[in-house]
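Report on the following structure.
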Amino acid sequence: MFWCQACTTANNHLLNTISPKMAADLIAKHKNNSDFIILDVRTPREFRNGHIEEAILLDFYSKTYTDELNRLDKSKTYLIYCRSGNRSGKTLDLIKNMGFNQVYNMDKGIRGWLSMGFPVVK
47 MFWCQACTTA NNHLLNTISP KMAADLIAKH KNNSDFIILD VRTPREFRNG HIEEAILLDF
107 YSKTYTDELN RLDKSKTYLI YCRSGNRSGK TLDLIKNMGF NQVYNMDKGI RGWLSMGFPV
167 VK
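Take any residue in the sequence shown, note its place counting from 1, add 46, and you have its number in my numbering.
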């Protein structure tokens with residue numbers, strides 16, 4: 047069971063903001079689950095400097111960002127993160143009415159992740 051700092055529902059879909067520790071637990075729980083996707087919404091440069099293993103880059107500043115979000119499989123579960131939680135929080139707000147089933151936003155972003163000593167890959 048996950049406790050979340052801000053849980054909301056939009057059109058019967060669950061949107062959560064969770065701690066880096068809970069994100070790590072969620073990743074471990076869904077290891078090798080193709081229906082669980084980690085989205086890094088930072089820039090390509092930030093991504094190259096280190097990201098959570100198996101994360102997919104979706105650049106928040108891309109002109110096609112909203113279109114790219116809309117093309118994602120909404121039936122899958124997503125964990126989104128950025129540098130500090132700002133862009134991923136805005137993404138959570140953006141997708142509230144897009145029909146996603148379940149989305150987790152990692153509070154404090156990669157900074158929070160690293161402060162807990164969790165690994166990144168380059």
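From the three backbone atoms N, C-alpha and C, an ideal C-beta is built for every residue, glycine too.
Using 8 Å for Cβ pairs, my map puts residue 111 next to residue 146. What's the rounded Cβ distance? Contact flag wrong, Cβ pair sits at about 15 Å.
Just reading off the beta strand (DSSP E) that residue 151 is part of, what are its end residues? Taken as a continuous stretch (DSSP letters only), the beta strand (DSSP E) holding residue 151 covers 148 to 152.
Do the CB positions of residue 79 and residue 151 come within less than 8 Å of each other? Taking 8 Å as the Cβ cut-off, residue 79 and residue 151 do not qualify as a contacting pair.
Nearest-angstrom beta carbon gap, residue 97 and residue 86 [assumed within contact, 8 Å]: Indeed they touch by this definition, with Cβ atoms about 5 Å apart.
Kindly list the residues whose CB is nearer than 8 Å to the CB of residue 115, restricted to its own chain and excluding five residues on each side of it in sequence; keep chain order. The residues are 104, 137, 140, 141 and 144.
Which of the three DSSP states, helix, strand or coil, is assigned to residue 116? Reduced to three states, the DSSP call for residue 116 is helix.
Ignore the nearest five residues each way along the sequence and tell me which others in residue 83's own chain have a CB closer than 6 Å to its CB. The answer, listed in chain order, is 122 and 124.
Going by Cα to Cα distance, which pick from 161, 118, 90 and 117 is closest to residue 107? Of 161, 118, 90 and 117, the residue nearest in Cα terms is 90.
What does the alpha-carbon distance come out to for the pair residue 154 and residue 165? Going by the C-alpha atoms only, they are around 15 Å apart.
Residue 102 classed as buried or exposed, judged by whether at least 16 other C-beta atoms fall within 10 angstroms: It is exposed - the Cβ of residue 102 has fewer than 16 other Cβ atoms within 10 Å.
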